[in-house]
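2 protein chains.
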Amino acid sequence: MPPRSYVSPGRSAAAAETRERVIAAASRTLREESIARFSLDTVAKAAGVTRLTVYNQFGSRRGLLEAVFDGIAQSGGLHRLAETMTMTDPRAALDRMVEIFCAFWSRDSAVGGLHAAMATDPEFAEAISERNERRRKLLTALIDRLADKSAPPRARKDAVDLIFALTSYPTFAALSPGRSKEEVCAVVQTACHAAVAPLQEPSR
Amino acid sequence: MPPRSYVSPGRSAAAAETRERVIAAASRTLREESIARFSLDTVAKAAGVTRLTVYNQFGSRRGLLEAVFDGIAQSGGLHRLAETMTMTDPRAALDRMVEIFCAFWSRDSAVGGLHAAMATDPEFAEAISERNERRRKLLTALIDRLADKSAPPRARKDAVDLIFALTSYPTFAALSPGRSKEEVCAVVQTACHAAVAPLQEPSR
DNA sequence: AATTAGATATACAATATGTATAATCAATTC
DNA sequence: GAATTGATTATACATATTGTATATCTAATT
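Going down the list, the protein sequences come from chains A and B.
If you use full-length UniProt numbering, the first sequence corresponds to residues 1 to 204, in order.
If you use full-length UniProt numbering, the second sequence corresponds to residues 1 to 204, in order.
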């Protein structure tokens, strides 16, 4: 007697809805409380579900955190990074990229909590790093477009890694106190200009 | 009947010795294992003492971490920062400062674990931040010496914060994969030169 | 020999993640 | 309408960790 399989359109929709509610509650917790008080119990209560439901939906604490990150990434405007590849002026594209990242880091303050979680959970950190690899590839392509032919690979790698560090969350967080999002963006953009300058004037 | 007070030269020496042994074991644990496995039980066993002894000596997990940081700071060469204030050439002093910090971050890989602990324990983070305030003051003084009189305060603040971020541990960690300590230092130094350049050529 | 500080032994409380099993409840299929 | 199924819940348990409390032990000091 094979068990009959259910497709359940309405039921999976309800499950997806609770899933979203849990993610929203987790984001809110990361935003308002610190990561220290981020427990599955707290999140579950905030979402109006049981702790066990969280395990059913996300498998583990790490799974929940990854889901939160993916949710932020989806609504954070990172998809706009694609348009930088179509811009004719690579320098303007670099400015735009910095702008997109500043907006991303500042959009949802829960990312601070996520980065804190990365520090304690190495496997979670790796999962996030894999997602960020696309960012590095994009940046590498951009630098290659921007650099003179004579620019040595080592200098290009330096520029890529430096800009990667400059557009990372820790740098954004370090520059944020006492500055608006736009001011932080301007500071980082200037620093990035300086980072690529040697690639464009190799003779100096 | 007032209890007679003991000075105990030999006994406090023995206590200091076990204290050092616990700190050493904690550093080793942070270096070899990740912060995730940094428990007082693990550290105590590695030091050959009981977990209760750790509480007797450091009061709490946070106290132990602070002691580890202080130990690293003491033997990490940060005291050499003082000599940068006596150097006549402020640009050379800046290079020297970057050098000292690169050496510091790379000297003991336990600092990575300490920064991870900062992410989870806000009070510990604040304790470390207070210790790092001296670094910011030194940098501010250096920038003031280095900048033209016409350089606006806003530009100085930008330079200070940017260099502060560039010489922080996250930047060092981001640039470290695939680079020697000296190479990382060179990249950061170049970026710092670019950060102070506008302060010296305000007309451009 | 009495005293004392440091370390230990043992126990307990509180919180957290994660697993296991049975029960509930509404949506779906027959 | 009745049986079935997936999602959720209730309850219980195992494990690990921080932190506290109390009494004991040991070696240094008076």
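We put the beta carbon where it would ideally sit given N, CA and C, even for glycine.
Close to Leu199 (chain A), with beta-carbon spacing below 8 Å, lies no residue of chain B; the smallest spacing is near 12 Å. At least 8 Å separates the beta-carbon of Pro198 (chain B) from that of Leu142 (chain B). The three-state reading of DSSP puts Thr53 (chain B) in helix, counting H, G and I together. Per the coordinates, the alpha-carbon of Ser129 (chain A) lies some 12 Å from the alpha-carbon of Ala174 (chain B). In terms of CA proximity to Ala119 (chain B), A:Gly112 leads the group A:Asp161, A:Thr42, A:Asp158 and A:Gly112.
Nearest neighbour of Val43 (chain A) by Cα position, chosen from A:Arg31, A:Val22 and A:Leu52, turns out to be A:Val22. Counting every other CB atom within 10 Å of its CB across the protein chains shown gives Ala92 (chain B) a total below 16, marking it as exposed.
Sorting B:Val160, B:Val98, B:Lys157 and B:Asp108 by C-alpha distance to the C-alpha of Cys185 (chain B) places B:Val98 at the top.
Taking 8 Å as the threshold, the shortest C-beta distance from Ser34 (chain A) to chain B falls below it. In terms of beta-carbon proximity, His79 (chain B) stays away from the interface with chain A, with every pair separated by 8 Å or more.
Not one beta carbon of chain A lies nearer than 8 Å to the beta carbon of Leu114 (chain B). Linking Ser106 (chain B) to Leu114 (chain A) through their CA atoms gives a straight-line distance of about 25 Å. When Cβ pairs closer than 8 Å are counted between the two stretches, the stretch 46–54 of chain B is seen to touch the stretch 15–30 of chain B, the count reaching three or more.
The C-beta distance from Asp108 (chain A) to Gly76 (chain A) rounds to 7 Å, short enough to meet the 8 Å contact threshold.
Scanning A:Gln189, A:Ser150 and A:Gly178 for the CA closest to the CA of Phe164 (chain A) turns up A:Gln189.
Among the residues facing chain A, Asp108 (chain B) is not included, as its CB has no counterpart in that chain under 8 Å away. The DSSP-derived three-state label of Phe101 (chain B) is helix. Here Ser27 (chain A) carries a helix assignment [DSSP, helix/strand/coil]. Chain order gives the chain B residues near Ser168 (chain A) as Pro170, Thr171 and Ala174, where near means a beta carbon separation below 9 Å. Going by C-alpha positions, Ser12 (chain A) is about 22 Å away from Phe69 (chain A). Sequence-distant partners of Arg19 (chain A) (beyond 5 residues in either direction) whose C-beta falls short of 6 Å from its own C-beta, in its chain, are Gln57. One alpha carbon belongs to Ala191 (chain A), the other to Ser34 (chain A), and they sit about 31 Å apart. Phe69 (chain A) is outside the set of residues whose beta carbon lies under 8 Å from a beta carbon in chain B. Under the DSSP assignment, Met118 (chain B) falls in the alpha helix (DSSP H) whose first and last residues are Ala110 to Thr120. Where Leu64 (chain A) is concerned, the enclosing alpha helix (DSSP H) starts and stops at Arg61 to Ser75. For Leu78 (chain B), no alpha helix (DSSP H) run applies, since DSSP gives it neither H nor E. If only complete runs of 3 or more residues are kept, the stretch 111–189 of chain B shows no beta strand (DSSP E) anywhere.
In the DSSP annotation of this structure, the continuous segment of the alpha helix (DSSP H) that includes Thr42 (chain A) starts and ends at Leu40 to Ala47. Of all residues in the stretch 71–103 of chain B, none comes within less than 7 Å of chain A when Cβ atoms are compared. For Leu162 (chain A), the residues of chain B that pass the 8 Å Cβ criterion are Leu175, Val187 and Ala191, in the order they occur in the chain.
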